[in-house]
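**Q**
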Amino acid sequence: GESVGLHLPTLSVQEGDNSIINCAYSNSASDYFIWYKQESGKGPQFIIDIRSNMDKRQGQRVTVLLNKTVKHLSLQIAATQPGDSAVYFCAEPLGGKLIFGQGTELSVKP
Amino acid sequence: DVKVTQSSRYLVKRTGEKVFLECVQDMDHENMFWYRQDPGLGLRLIYFSYDVKMKEKGDIPEGYSVSREKKERFSLILESASTNQTSMYLCASSPNRGNYGYTFGSGTRLTVV
Numbered sequence: 001g002e003s004v005g006l007h008l009p010t011l012s013v014q015e016g017d018n019s020i021i022n023c024a025y026s027n028s029a030s031d032y033f034i035w036y037k038q039e040s041g042k043g044p045q046f047i048i049d050i051r052s053n054m055d056k057r058q059g060q061r062v063t064v065l066l067n068k069t070v071k072h073l074s075l076q077i078a079a080t081q082p083g084d085s086a087v088y089f090c091a092e093p094l095g096g097k098l099i100f101g102q103g104t105e106l107s108v109k110p
Numbered sequence: 001d002v003k004v005t006q007s008s009r010y011l012v013k014r015t016g017e018k019v020f021l022e023c024v025q026d027m028d029h030e031n032m033f034w035y036r037q038d039p040g041l042g043l044r045l046i047y048f049s050y051d052v053k054m055k056e057k058g059d060i061p062e063g064y065s066v067s068r069e070k071k072e073r074f075s076l077i078l079e080s081a082s083t084n085q086t087s088m089y090l091c092a093s094s095p096n097r098g099n100y101g102y103t104f105g106s107g108t109r110l111t112v113v
């Protein structure tokens, strides 16, 4: 079965606000996680990754937080823009292949 | 710009037909993958390949087969299409084992009627 799952299927935010997308995982031995973004009509695109020896990793306007105690990770998008509207997936390698969560659809209201 | 190209954006096929979905990558990647994407279920792995003429079953291989005769091309075959195979099919590639920065194609939306 799936080892990663997202908390909410949809999230709506106001343009300019910060967005937080959550993901839980079940395997305490998991040591690497990836976030993908899928815009309408396109395939998923790599955003950012994090290894279990880190609690936080920052990219351009995005931050991923990893809480190993509760087996939870989140993707934070600062100053959300219309171009951030997409489906976001967390993913985890398992047996040499990527297993994806169910996805959260982020809608940005102007 | 590196690319994974899926030959069809939309396909409509009849129940019982043999269907070929083609995927080509121009990055000399070793690994290639086929996923299907359904609402509420995320992406599920059908088959993958780490090398030419090599294939491995993913989580939902039933009703599918694959072919990888050349490094750049990975074909998904629906032996006898059924309505429950109506879905979005996504092909991906990655440079080698242990590299999880997959590059995805834009997908093929298959409808089986």
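Those protein sequence lines, which keep their order, are chains A and B. Here the first sequence stands for residues 1 to 110, where the numbers follow this note's numbering. Here the second sequence stands for residues 1 to 113, where the numbers follow this note's numbering. Every residue, glycine too, gets a C-beta built ideally from N, C-alpha and C. It should be emphasised that the depicted structure is a prediction, and the values quoted were computed from it without experimental measurement.
Assuming threonine 103 of chain B contacts methionine 27 of chain B (C-beta within less than 8 Å), just tell me the rounded distance between them.
**A** Here residue 103 of chain B is taken as the residue at index 103 of the second sequence, counted from 1. Here residue 27 of chain B is taken as the residue at index 27 of the second sequence, counted from 1. Contact flag correct, Cβ pair sits at about 7 Å.
**Q** Under a Cβ-count criterion, where at least 16 other Cβ atoms within 10 Å of its own Cβ denotes burial, should proline 112 of chain A be classed as buried or exposed?
**A** Since the first residue shown for chain A is 1 and the last is 110, residue 112 of chain A is missing from the structure and cannot be characterised.
**Q** The segment 72 to 85 of chain A: which residues have C-beta closer than 9 Å to a C-beta of chain B, in chain order?
**A** none
**Q** If you reduce the DSSP assignment to three classes, tell me which class aspartate 141 of chain A lands in.
**A** Given that chain A is displayed from residue 1 to residue 110, the structure contains no residue 141 of chain A and the question cannot be resolved.
**Q** Using CA coordinates, which residue listed in B:Ser94, B:Glu17, B:Val24 is at the minimum distance from threonine 86 of chain B?
**A** Sequence index remark: in the second sequence, residue 86 of chain B carries index 86 (1-based). Out of B:Ser94, B:Glu17, B:Val24, B:Glu17 has the C-alpha closest to the C-alpha of threonine 86 of chain B.
**Q** Can you pull the chain B neighbours of isoleucine 34 of chain A, defined as C-beta to C-beta under 7 Å?
**A** Counting from 1 along the first sequence, the entry for residue 34 of chain A is found at position 34. Under the 7 Å cutoff, chain B gives Tyr100.
**Q** Could you have a look at aspartate 84 of chain A and say whether DSSP puts it in helix, strand or coil?
**A** The sequence position of residue 84 of chain A within the first sequence is 84, counting from 1. If DSSP states are grouped into helix, strand and coil, aspartate 84 of chain A belongs with the helices.
**Q** Okay, do the segment 76 to 96 of chain B and the segment 5 to 22 of chain B touch, 3+ Cβ pairs below 8 Å being the bar?
**A** yes
**Q** Which whole-angstrom value describes the C-beta separation of threonine 104 of chain A and proline 44 of chain A, a residue pair presumed to lie in contact below a C-beta threshold of 8 Å?
**A** Along the first sequence, one-based indexing puts residue 104 of chain A at 104. Along the first sequence, one-based indexing puts residue 44 of chain A at 44. Actually they do not touch by this definition, with Cβ atoms about 13 Å apart.
**Q** Is it true that the segment 51 to 68 of chain A meets the segment 25 to 34 of chain A, where meeting means three or more beta-carbon pairs spaced less than 8 Å apart?
**A** yes
**Q** For glutamine 60 of chain A, name the three-state secondary structure that DSSP assigns.
**A** Here residue 60 of chain A corresponds to residue number 60 of the first sequence, with the count starting at 1. Note: glutamine 60 of chain A maps to coil in three-state DSSP.
**Q** Quick check: the Cα distance between alanine 78 of chain A and threonine 5 of chain B, rounded to an integer number of angstroms?
**A** Reading the first sequence from its first residue, position 78 is the one you call residue 78 of chain A. Reading the second sequence from its first residue, position 5 is the one you call residue 5 of chain B. Approximately 32 Å between the Cα atoms of the pair.
**Q** Leaving out five residues before and five after aspartate 17 of chain A in sequence, what residues of the same chain have Cβ atoms less than 6 Å from its Cβ?
**A** As a first step, residue 17 of chain A must be located in the first sequence, where it is residue number 17. Contacts found: Thr80.
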